[in-house]
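Trainee:
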Amino acid sequence: MSTLEEKRVYSNRQDATEAYVASAIGVVRVAVADDIVGEFSLVERCVARDVAATASTVAVATDEDVIVRSLEGASEREEEENGSEDELDGKADAETFTRTDFGPATAVGFDGDDLLAAGSDGRVGRRSEDEREWETLESADTDLEVRAIDGDLVGTAGGVFRVHDGELEHAGLTDVRDVSADGIPQAATADGLYTLGNGWLEAHGGEFDVVTADPASEPGTLRRAHAVSGLSVYEHADGEWLEYARTSVPVVDLAYGETVYAVTGRGTFLAASVDAGESDAIEGWRSRTLGVTDVAGVAIPSLE
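Each residue of the sequence shown is one higher than the one before, starting from 1 at the first, in the UniProt record's numbering.
(1) Identify the residues that DSSP records as bridge partners of Phe161: which are they?
(2) Quick one: Cα of Pro215 to Cα of Asp65, how far?
(3) Please look up how many angstroms separate the CB atoms of Arg246 and Ser229, rounded, as I've assumed it's under 8 angstroms.
(4) For residue 307, is the classification buried or exposed, using 16 other Cβ atoms within 10 angstroms of its Cβ as the cut-off for buried?
(5) What does DSSP give as the partner residues of Ile149 in its beta bridges?
(6) For Ser120, tell me which candidate among Asp130, Asp63, Gly199, Val163 has the shortest Cα-Cα distance.
(7) What separation, rounded to the nearest whole angstrom, lies between the Cα atoms of Asp50 and Thr289?
(8) What is the DSSP secondary structure of Arg266, reduced to helix, strand or coil?
(9) At what residues does the beta strand (DSSP E) containing Thr189 begin and finish?
(10) Give the range of the beta strand (DSSP E) segment to which Asp114 is assigned.
(11) Spatial neighbours of Ala255 within its chain, please: C-beta separation below 8 angstroms, excluding the five flanking residues on both sides.
(12) Just to confirm, is the Cβ distance from Trp52 to Gly125 under 8 angstroms?
(13) For His226, count neighbouring C-beta atoms within 10 Å of its own C-beta (all shown protein chains included) and say buried if the count is 16 or more, exposed if not.
(14) By Cβ distance below 7 angstroms, which residues in the same chain neighbour Gly103 in space, the five residues on each side in sequence not counted?
(15) For Leu193, does the three-state DSSP call read helix, strand or coil?
(16) Output needed for Gly265: all residues of its chain with C-beta closer than 6 angstroms, excluding positions within five of it in sequence on either side, in chain order.
(17) Give me, in chain order, the residues of the same chain whose beta-carbon lies closer than 8 angstroms to that of Trp241; leave out the 5 immediate sequence neighbours on both sides.
(18) Would you decide whether Leu201 is buried or exposed? Buried here means 16 or more other CB atoms lie within 10 Å of its CB.
(19) Give every residue of the same chain whose Cβ lies closer than 7 angstroms to the Cβ of Asp150, excluding the five residues on either side of it in the sequence, and list them in chain order.
(20) Could you tell me how far apart the beta carbons of Phe269 and Val21 are, in whole angstroms, since I believe they sit closer than 8 angstroms?
(21) Rounded to the nearest angstrom, what separates Arg123 and Ala272 at their Cα positions?
(22) To the nearest angstrom, how far is it from the Cα of Glu81 to the Cα of Val37?
(23) Val295 by DSSP, collapsed to three states: which one?
(24) Can you check which of these residues, Gly199, Asp191, Ser217, Gly197, is closest to Val210 by C-alpha distance?
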């Protein structure tokens, strides 16, 4: 149950960071401040398979289309929410997502201001902020199984591809589960965690499913970066990947705000505890159950 102090944190929603969670019943918006997980509500009912965000836009891959929501002036447009801070009541609130006519999608990501999306048929498209029409990116591999998109990196069962001159160029590796483009490119694969230097270099052995870096990372550096292998969450520190925490169920995605946030496939939202001695901190995390299933990802709009 929230304390009075925690509730005061959310008395003015402008004080909170908003995270967007993709799940089987829709997109859930979660208010967070430091390591406090506050109110949450269902903002779009759909089967969401992936989510990505910039400072101005949230994009969601669904089983019907890629949908987007502009964050510019959003606070002025919002109406009173239907969700409560402790549970979802099955209704979507007044958030507005619009269709983009891509079709069913499995992954989304942003390369600068350009939106990238992938369909289950292997098609990868790009939609510029100005044109707002989809352009298919050509590839020598016509049967891509896309698993993740971040920046100009596309992670597939056949390896990493990079977006270049309107095409997808194979850049190495195989059985890629996730990619991260910020700072120093990283790839999580079935046989290890790799970093891009003079080619792909193994950074840590073992099976990895998730890797992400703070969008605030400068080129050639990792301001904050984490990866997931089984129940272990790894943190990049002093040039090494070290075990940071363990969870009772696997983490499926992470994002960055004032602290590190994560979600599990079962619908638990985690915030890395500022004070690991807190009574409700579990393995260094504070947690809240969102009441959704089959969670696929989390995104936090970046700060400009």
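Heads up, the beta-carbon is just placed ideally off N, CA and C, and yes, glycines get one too. From a predicted model like this one, the values you see are computed outputs, not experimental measurements.
Mentor: Looking at the coordinates:
(1) Bridge partners of Phe161: Val154, His170.
(2) Answer to the nearest angstrom: the Cα atoms are 26 angstroms apart.
(3) About 11 angstroms separates the two Cβ atoms, so there is no contact after all.
(4) Limits of the chain in this structure are 1 at one end and 304 at the other, which puts residue 307 out of reach.
(5) Note: Ile149 sits in a beta bridge opposite Val154.
(6) Restricting attention to Asp130, Asp63, Gly199, Val163, the CA atom closest to the CA of Ser120 is found in Asp63.
(7) Cα-Cα distance, rounded: 19 angstroms.
(8) Coil at Arg266, not helix or strand.
(9) Taken as a continuous stretch (DSSP letters only), the beta strand (DSSP E) holding Thr189 covers 186-189.
(10) Where Asp114 is concerned, the enclosing beta strand (DSSP E) stretches over 114-118.
(11) Only residues of its own chain outside the window of five on either side were considered, and among them Ala19, Thr212, Tyr261, Ala262, Val298, Ala299, Ile300 have a CB closer than 8 angstroms to the CB of Ala255, listed in chain order.
(12) Looking at the sequence shown, residue 52 is not Trp but Ala. Taking 8 angstroms as the Cβ cut-off, Ala52 and Gly125 do not qualify as a contacting pair.
(13) Per the 10 Å Cβ criterion, buried.
(14) Here Gly103 has Asp65, Gly119 as same chain residues with Cβ atoms under 7 angstroms from its own Cβ, once five neighbours each way along the sequence are excluded.
(15) DSSP places Leu193 in strand when its eight states are reduced to three.
(16) Excluding residues within five positions, the ones whose Cβ falls inside 6 angstroms are Val252, Val295.
(17) For Trp241, where only same-chain residues beyond five positions count, the Cβ hits under 8 angstroms are Leu193, Ala203, His204, Ala227, Tyr234, Glu235.
(18) With fewer than 16 Cβ atoms within 10 Å of its Cβ, Leu201 is classed as exposed.
(19) Residues Gly109, Val179, Ser180, Ala181 of the same chain have their beta carbon placed closer than 7 angstroms to that of Asp150, with the five preceding and five following residues left out of the count.
(20) By a beta-carbon distance limit of 8 angstroms, Phe269 contacts Val21. Their separation comes to about 7 angstroms.
(21) Computed Cα separation, rounded: 36 angstroms.
(22) In this prediction, Glu81 has a pLDDT of 44, which is less than 50 and means its spatial position is unreliable; nothing more can be read from the coordinates.
(23) Reduced to three states, the DSSP call for Val295 is coil.
(24) Distance from the Cα of Val210 is smallest, within the candidate group Gly199, Asp191, Ser217, Gly197, for Asp191.
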